[in-house]
Every structure is written in structure tokens, then in C-alpha cells.
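Please read the structure below before turning to the comments.
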Amino acid sequence: MATSAQDTLVQEFDRRIQEALTWYATAGGKAPGKVGVWGAKETLAHCIFWHLTTAEGMEAVARGGSPRRTTAPTDELNAQAVAQRAGKSLAQLVEEARQVHQRLMQAVRSLGDLDQVVLVRVDGTTQTGRQRLERIANHWWEHIAQLQGKGA
Numbered sequence: 000m001a002t003s004a005q006d007t008l009v010q011e012f013d014r015r016i017q018e019a020l021t022w023y024a025t026a027g028g029k030a031p032g033k034v035g036v037w038g039a040k041e042t043l044a045h046c047i048f049w050h051l052t053t054a055e056g057m058e059a060v061a062r063g064g065s066p067r068r069t070t071a072p073t074d075e076l077n078a079q080a081v082a083q084r085a086g087k088s089l090a091q092l093v094e095e096a097r098q099v100h101q102r103l104m105q106a107v108r109s110l111g112d113l114d115q116v117v118l119v120r121v122d123g124t125t126q127t128g129r130q131r132l133e134r135i136a137n138h139w140w141e142h143i144a145q146l147q148g149k150g151a
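So the sequence shown is numbered by numbering that gives the first Met the number 0: it starts at 0 and just counts up by one.
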């Protein structure tokens, strides 16, 4: 049986996030770089938020509901996500991220068609499931490069 382009995208997404989680679990705490004022904990905290937000959007659409709508600009949501997880260790954040990733992967399977809109930002910009997966995987690795001191 041939693998569809969507299956390939989903497999690649999962592989890249699993590798990113391994990096956070092993090297993240020793990373020399920063993303603005954020270190590994803060970048992972905001990545968890967007993983969860995407899962919620996919779950809602899969049930026949509306896409997830954000309620504030991205920078504000990121700051809230970091503040909500401020007391957690990097190890705790990695575990939370693993759980949220499992939820997102289940949501991907439930959604089926990744070309459906699953997220509407406060400014009205929409993103499909496919766009979210592509953005998330790239964004995690952009942050890892910055944390490794390699820039974006």
C-alpha cells in the first residue's frame, strides 16, 4: 500500500517532534543560547501551549464543531503560556509535552482531512491542520537552533 502525502507529513511531523523532545530532555538544560529572554523551559512551555491549542482545534473540527479561536495576540498568549508553567522543571515540561503530543497525534488521526481550518487567530487569520503541523515542527527546531547558539 502506497503512503499518501498526508501520511508522510504526519509521520515526519511526529519524528521531528519526538527528536525535539529528546533534545529538550537531554541537552535542553545545558543549552547556551536564548530566544530573546527565554531559555529552554520557556520555549518548551510556549510550544506546549501551541501544541495543545492545535489539538483542541482539530478535536473540535473532527466533532463537527468550529475551529479553535485564539483570544489574544500571539505574544500575549505566549507570555501567558510561559507564566502558567513557570514553576515546572524542564523534566516536568518534557513529560507534559510528550502527553500533549500524544493528544495532538490522536487529534490528527480523528481529523482525517488536514486541509480543514482548525485555528482562527484573533486577527482573523486561519490555519489548516496541515499548516499547523508544518509550522509547529519548523518552529520547535527554530527555537532549538537558537538555544544551541546557532541563530534562527
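We treat Cβ as the ideally placed atom computed from N, Cα and C, and that holds for glycine.
Below 8 Å on the Cβ atoms is my contact criterion, and I expect residue i with residue j to pass it. Report the Cβ-Cβ distance as a whole number of Å.
{"i": "residue 54", "j": "residue 106", "result": "4 Å"}
{"i": "residue 69", "j": "residue 134", "result": "With 8 Å as the limit, residue 69 and residue 134 do not qualify as a contact, their Cβ atoms being about 14 Å apart."}
{"i": "residue 80", "j": "residue 47", "result": "7 Å"}
{"i": "residue 128", "j": "residue 113", "result": "4 Å"}
{"i": "residue 89", "j": "residue 27", "result": "6 Å"}
So, residue i versus residue j, is the Cβ gap smaller than 8 Å?
{"i": "residue 138", "j": "residue 99", "result": "no"}
{"i": "residue 67", "j": "residue 117", "result": "yes"}
{"i": "residue 44", "j": "residue 110", "result": "no"}
{"i": "residue 34", "j": "residue 147", "result": "no"}
{"i": "residue 71", "j": "residue 65", "result": "no"}
{"i": "residue 37", "j": "residue 143", "result": "no"}
{"i": "residue 14", "j": "residue 140", "result": "no"}
Using 10 angstroms around the beta-carbon of residue i, count the other beta-carbons present and answer buried if the total reaches 16, otherwise exposed.
{"i": "residue 131", "result": "buried"}
{"i": "residue 11", "result": "exposed"}
{"i": "residue 9", "result": "buried"}
{"i": "residue 42", "result": "buried"}
{"i": "residue 101", "result": "exposed"}
{"i": "residue 125", "result": "exposed"}
{"i": "residue 149", "result": "exposed"}
{"i": "residue 158", "result": "Missing from the structure shown is residue 158; the chain here goes from 0 to 151 and no further."}
{"i": "residue 56", "result": "buried"}
{"i": "residue 6", "result": "exposed"}
{"i": "residue 40", "result": "buried"}
{"i": "residue 82", "result": "exposed"}
{"i": "residue 30", "result": "buried"}
Could you tell me whether any Cβ in chain B is nearer than 8 Å to the Cβ of residue i?
{"i": "residue 114", "result": "In summary, chain B is missing from the structure at hand, where a single protein chain is found."}
### Task
Let me know the beta strand (DSSP E) ranges lying completely inside the stretch 35 to 121, each 3 residues or longer, listed in chain order.
Entirely contained in the stretch 35 to 121, the beta strand (DSSP E) runs reaching 3 residues are, in chain order, 116 to 119.
#### Entry: Segment contact, 8 Å Cβ cut-off, at least three pairs: the stretch 62 to 78 with the stretch 93 to 101
The stretch 62 to 78 is not in contact with the stretch 93 to 101.
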